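Asks:
Residue numbers (this note's numbering): 1 to 160.
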């Protein structure tokens, strides 16, 4: 199963919420209230985003947090990588040299091709897009692969 971590999902929610008013400085408590996420999680995510250069921290009476640049300039790939690290379908895609089977692996190049396609797709989707609701629903059933039945299983099914 391929999925992003809960914290990367929460991080995307936090930044998408901030992207609705990108010039406005917001407090941790306000962002937590708007998103429905726990204050400690929002605080942890904002610290990570500051470290990665996606968010600015402003001190003082009017202090808080705001995006470091336009939501159109922040990609979904940057958000996910800032929380989960390198994006990779396999360990060797994310961390080359980490697998002792790498040199002789017959499928490594294919996984790297899949990884590149996924990364390119995530780089094309901006925070601005993520902060705007879709105008149409997505048919998730189209994403499910058709069930493959072996010939012997089909024959057994006919015999029953």
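For every residue, glycine included, the Cβ atom is placed at its ideal position computed from N, Cα and C. If you're wondering where the values come from, they're calculated on a predicted model, not measured in any experiment.
Mapping the DSSP letters down to three states, classify residue 39 as helix, strand or coil.
Replies: Your numbering for residue 39 matches position 39 in the chain shown. Reduced to three states, the DSSP call for residue 39 is helix.
Asks: Please go through the same chain and pick out, in chain order, the residues whose beta-carbon is closer than 8 angstroms to the beta-carbon of residue 126, but skip the five residues on each side of it.
Replies: Against the chain shown, residue 126 aligns to sequence position 126. Closer than 8 angstroms at Cβ, skipping near neighbours: 71, 72, 73, 74, 75, 76.
Asks: Under 7 angstroms, do residue 85 and residue 45 count as touching if we go by C-beta distance?
Replies: As a position in the chain shown, residue 85 is number 85, starting the count at 1. As a position in the chain shown, residue 45 is number 45, starting the count at 1. No. Outside cutoff.
Asks: Find the nearest neighbour of residue 60 within the set 27, 132, 50, judged by alpha-carbon distance.
Replies: Within the chain shown, the letter at position 60 stands for residue 60. Checking every option, the nearest Cα to that of residue 60 belongs to 27.
Asks: Rounded to whole angstroms, how far is the Cβ of residue 119 from the Cβ of residue 87, which I believe are closer than 8 angstroms?
Replies: By 1-based counting over the chain shown, the position of residue 119 is 119. By 1-based counting over the chain shown, the position of residue 87 is 87. At roughly 5 angstroms, the Cβ-Cβ gap stays under 8 angstroms, so residue 119 and residue 87 are in contact.
Asks: Between residue 5 and residue 108, what straight-line distance do the alpha-carbon atoms span, to the nearest angstrom?
Replies: The count along the chain shown starts at 1 and reaches residue 5 at position 5. The count along the chain shown starts at 1 and reaches residue 108 at position 108. The alpha-carbon atoms of residue 5 and residue 108 are separated by roughly 24 angstroms.
Asks: Taking only three categories from DSSP, how would you classify residue 34?
Replies: Residue mapping note: residue 34 aligns to position 34 of the chain shown, counting from 1. Correct three-state label for residue 34: helix.
Asks: Using beta-carbon positions only, say whether residue 64 and residue 25 come within less than 7 angstroms of one another.
Replies: Taking the first residue of the chain shown as position 1, residue 64 is located at position 64. Taking the first residue of the chain shown as position 1, residue 25 is located at position 25. Yes, the Cβ-Cβ distance between residue 64 and residue 25 is below 7 angstroms.
Asks: Contact check, residue 66 vs residue 56 under 8 angstroms by CB: the rounded distance?
Replies: The sequence position of residue 66 within the chain shown is 66, counting from 1. The sequence position of residue 56 within the chain shown is 56, counting from 1. Between residue 56 and residue 66 the Cβ distance is about 6 angstroms, and since that is below 8 angstroms, they are a contact.
Asks: Going by DSSP in three states, residue 97 sits in which element: helix, strand or coil?
Replies: Your numbering for residue 97 matches position 97 in the chain shown. In this structure, residue 97 counts as coil in the three-state DSSP scheme.
Asks: Enumerate in chain order the residues of its own chain whose CB-to-CB distance from residue 32 is below 6 angstroms, with the five nearest sequence positions on each side excluded.
Replies: Residue 32 sits at position 32 when you count from the first residue of the chain shown. Excluding positions up to five away in sequence, the list reads 39, 42.
Asks: Confirm, please, whether the CB-CB distance from residue 50 to residue 35 is below 7 angstroms.
Replies: Position 35 of the chain shown, counting from 1, holds the residue named residue 35. Position 50 of the chain shown, counting from 1, holds the residue named residue 50. Going by C-beta atoms, residue 35 is not nearer than 7 angstroms to residue 50.
Asks: So, are the CB atoms of residue 93 and residue 78 less than 7 angstroms apart?
Replies: The count along the chain shown starts at 1 and reaches residue 93 at position 93. The count along the chain shown starts at 1 and reaches residue 78 at position 78. With respect to the 7 angstroms criterion, residue 93 and residue 78 are not classified as neighbours on the basis of their beta carbons.
Asks: Please report how far the alpha carbon of residue 102 lies from the alpha carbon of residue 132, in whole angstroms.
Replies: Within the chain shown, numbered from 1, the residue matching residue 102 stands at position 102. Within the chain shown, numbered from 1, the residue matching residue 132 stands at position 132. Cα to Cα, the separation comes out at about 41 angstroms.
Asks: What does the alpha-carbon distance come out to for the pair residue 129 and residue 20?
Replies: The residue given as residue 129 occupies position 129 in the chain shown. The residue given as residue 20 occupies position 20 in the chain shown. Residue 129 and residue 20: Cα-Cα distance of roughly 11 angstroms.
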